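Counting in the working numbering, the sequence shown runs from 413 upward without gaps.
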Amino acid sequence: MIFNNPFSLLSEIIPSIAMQTFLIVMVALVVLGTVVDIIHKKNVKYFFENAKKAKQNATKQLGVGEKASVIAKTVIYDIGTTSELGAGKRRIAHLLGMYGTILFWLSSAIMIFCYSSSSSITPLAWPIIWHVGAIMTVLGGCWFWFFLRVDVYSEAQPWYRIIKADLFVLALIATSLFGLIWSYLQYLNLSNRWDDKVFLVLYIISNLILFGGVYWSKFAHMFYKPGAAIQKNLAEADGSRDNLPPPADKPEQFGLGIKREAPKHY
Ligand code: HEM
413 MIFNNPFSLL SEIIPSIAMQ TFLIVMVALV VLGTVVDIIH KKNVKYFFEN AKKAKQNATK
473 QLGVGEKASV IAKTVIYDIG TTSELGAGKR RIAHLLGMYG TILFWLSSAI MIFCYSSSSS
533 ITPLAWPIIW HVGAIMTVLG GCWFWFFLRV DVYSEAQPWY RIIKADLFVL ALIATSLFGL
593 IWSYLQYLNL SNRWDDKVFL VLYIISNLIL FGGVYWSKFA HMFYKPGAAI QKNLAEADGS
653 RDNLPPPADK PEQFGLGIKR EAPKHY
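Structure below.
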C-alpha cells in the first residue's frame, strides 16, 4: 500500500481536474478563514501597531544582513524545531504532527497535480512520503490529544471530553487516519467493495472540516506563531524588547517552593 499513489487509482472514478479543483478550494478556504479571523480578532493590526511602537525604543538600527540573519535563525531554530515548547514530550509530539502534516500535504499536492491520471507513473518517493507523513500526524496528534493537551494533562479532564478547541487537532488526525484507511482499502482492490468509498467520503468530509473550519479552530496558529517569533527575535536584536523593561540585574531567587513541582498548571 505504501508504494501506491491513492490519487492515481482514484482517477478511475474521479477525474484529476476534480481533485485539483478540490485542493484549490481547500487553499482558498484557508485564506478566507484566516482573513476573516484577522479582521475579527484585529490581532494583526495590534501586532503591527505594537511593532511600530517598539521600533521607537530600538537602541540599535539593524542592517538588512543582520535582519536576514535573525530571520533565518528564527526560521531554522524557533519555527523549525518549535523551540517555544521547550524540551520534552510536548515538543516531540508537536514536531511529529507538524512535519507529518507538511509531508502529507506536500506529497498530496504533488501527486494530485503531477501524477493523478491512471496512465502516469508516480516516483516511489511520493506515495511513501504521503503514507509516512500521515502516520506521523496520527501518532503526534493522538499523543497530544490523549495525553498532553492542557485539559487532560493539567486539569484532570477525561480524554473523551471534547470542546471547540479540539476541532483543529481532531480534524487533523481524522484527515490522516481516514486517508490511510482509504488508501489501504483501495489497495486491496476487492471487487464490488463499498468500504473504500465510505472512507473516501470520510476523508473528504474531514478535509472540508479541517480547511473550512479555520475561523473556528487553531489552524491559523501555524501562520501567527512564526510571525510572532520573528518579531520577538528582531525586537531583542534591536534592543526594543517589545516595550518590555530590561532584565533585572539581580540573581533569580524564587525561594525553594518553585522546585517542589514542575510547572504544569496553565
Ligand atoms: C504544519 C504546521 C503545524 C501543524 C500541523 C501544527 C499542529 C498543532 C496542533 C495539532 C496543536 C495542538 C492544538 C491544540 O491545542 O489543540 C498545536 C499546538 C501548538 N503549536 Fe502547532 N502546528 C504547526 C505549526 C506550528 C508552528 C510553526 C509553531 C511555532 C513556531 C507552532 C507552535 C505551537 C504551540 C506553541 C502549540 C501549543 C502546544 C501546547 O498546547 O502544548 N505550531 N500545533
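The C-beta atom is built at its ideal place from N, Cα and C for all residues, glycine as well.
None of these values were measured; they are calculated from a predicted model.
I'd like to check one pair, residue 515 with residue 541: are the Cβ atoms closer than 8 Å? Against the sequence shown, residue 541 aligns to sequence position 129. Against the sequence shown, residue 515 aligns to sequence position 103. The answer is yes: Cβ separation under 8 Å.
Beta-carbon gap between residue 469 and residue 645 smaller than 8 Å: Here the question's residue 469 lines up with position 57 in the sequence shown. Here the question's residue 645 lines up with position 233 in the sequence shown. Cβ atoms of residue 469 and residue 645: not closer than 8 Å.
Between residue 496 and ligand 1, is there a pair consisting of the residue's CB and a ligand heavy atom that are separated by less than 7 Å? Taking the first residue of the sequence shown as 1, we reach residue 496 at position 84. Checking the Cβ of residue 496 against ligand 1 gives yes.
Close Cβ partners of residue 448 (< 7 Å) along its chain, the five nearest in sequence each way excluded: Locating residue 448 in the sequence shown gives position 36, counting from the first residue. So the list reads 627, once near-sequence residues are dropped.
Could you tell me whether any non-hydrogen atom of ligand 1 is closer than 7 Å to the CB of residue 570? Working through the sequence shown from its first residue, we reach residue 570 at position 158. Every heavy atom of ligand 1 is 7 Å or more from the Cβ of residue 570, so no.
Suppose the cutoff is 8 Å on Cβ atoms and the five residues either side in sequence are ignored; what does the same chain contact list for residue 525 look like? For the purposes of this step, residue 525 is taken as residue 113 along the sequence shown, with counting starting at 1. If the five residues before and after residue 525 are omitted, its C-beta is found closer than 8 Å to the C-beta atoms of 432 and 435, all from its own chain and listed in chain order.
Which residue comes first and which comes last in the alpha helix (DSSP H) that contains residue 468? As a position in the sequence shown, residue 468 is number 56, starting the count at 1. Note, residue 468: alpha helix (DSSP H), 455 to 468.
Where residue 520 sits in the DSSP three-state scheme: Sequence index remark: in the sequence shown, residue 520 carries index 108 (1-based). Look at residue 520 here: in three-state DSSP terms it is helix.
Quick check: residue 595 and residue 424, are their CB atoms within less than 8 Å of each other? Residue 595 sits at position 183 when you count from the first residue of the sequence shown. Residue 424 sits at position 12 when you count from the first residue of the sequence shown. It is not a contact, given that the beta carbons lie outside the stated cut-off.
Report yes or no: do three or more beta-carbon pairs, one from the stretch 439 to 454 and one from the stretch 535 to 553, lie closer than 8 Å? Taking 8 Å as the limit for Cβ pairs, the verdict is that the stretch 535 to 553 does not touch the stretch 439 to 454.
State the start and end residues of the unbroken alpha helix (DSSP H) segment that holds residue 390. Absent from the model: residue 390. The displayed extent of the chain is 413 to 678, so no value can be given.
Does the distance between the C-beta of residue 475 and the nearest non-hydrogen atom of ligand 1 fall short of 7 Å? Here the question's residue 475 lines up with position 63 in the sequence shown. No.
Residue range of the alpha helix (DSSP H) that includes residue 497: Residue mapping note: residue 497 aligns to position 85 of the sequence shown, counting from 1. Run containing residue 497: none; DSSP gives neither H nor E here.
Residue 638 - containing alpha helix (DSSP H), residue span: Against the sequence shown, residue 638 aligns to sequence position 226. Per DSSP, residue 638 belongs to the alpha helix (DSSP H) from 633 to 649.
Going by alpha carbons, who is nearest to residue 450 out of 606, 489, 487 and 636? Residue numbering aside, residue 450 sits at position 38 when the sequence shown is read from its first letter. Nearest option by C-alpha distance: 636.
In chain order, what residues of the same chain lie with their CB nearer than 7 Å to the CB of residue 472, ignoring the 5 residues before and after it? As a first step, residue 472 must be located in the sequence shown, where it is residue number 60. Closer than 7 Å at the Cβ level, and outside the excluded window around residue 472, lie 650 and 651.
With DSSP collapsed to three states, give me the class of residue 478. Here residue 478 corresponds to residue number 66 of the sequence shown, with the count starting at 1. The answer is helix: DSSP assigns residue 478 an H, G or I state.
Residue 662 (DSSP reduced to helix, strand or coil): Counted from its first residue, the sequence shown places residue 662 at position 250. It is coil, neither helix nor strand.
Can you have a look at residue 562 and say buried or exposed, based on whether 16 or more other CB atoms are within 10 angstroms of its CB? In the sequence shown, the residue the question calls residue 562 occupies position 150. Counting Cβ neighbours within 10 Å, residue 562 comes out exposed, since fewer than 16 surround it.
Taking just the CA atoms, how far does residue 556 sit from residue 504? Position 92 of the sequence shown, counted from the start, is the residue given in the question as residue 504. Position 144 of the sequence shown, counted from the start, is the residue given in the question as residue 556. Roughly 10 Å separates the two Cα atoms.
Go to residue 627, then tell me how far its alpha helix (DSSP H) extends in each direction, as first and last residue. Start at 1 with the first residue of the sequence shown, and residue 627 comes out as number 215. Looking at the DSSP string, residue 627 is not in any alpha helix (DSSP H), and its letter there is neither H nor E.
How about residue 552 and residue 583: are their beta carbons less than 8 Å apart? As a first step, residue 552 must be located in the sequence shown, where it is residue number 140. As a first step, residue 583 must be located in the sequence shown, where it is residue number 171. No, the pair does not count as a contact, with Cβ atoms beyond the cut-off.
Give every residue of the same chain whose Cβ lies closer than 6 Å to the Cβ of residue 445, excluding the five residues on either side of it in the sequence, and list them in chain order. Translated into positions along the sequence shown, residue 445 becomes position 33. Excluding sequence neighbours, residue 445 sits near 626 and 627.
Can you find a heavy atom of ligand 1 that lies under 7 Å from the Cβ of residue 514? As a position in the sequence shown, residue 514 is number 102, starting the count at 1. True, at least one ligand heavy atom lies under 7 Å from that Cβ.
Out of 477, 631, 520 and 537, which has the shortest C-alpha to C-alpha gap to residue 419? For this step, residue 419 is matched to residue 7 along the sequence shown. Of 477, 631, 520 and 537, the residue nearest in Cα terms is 520.
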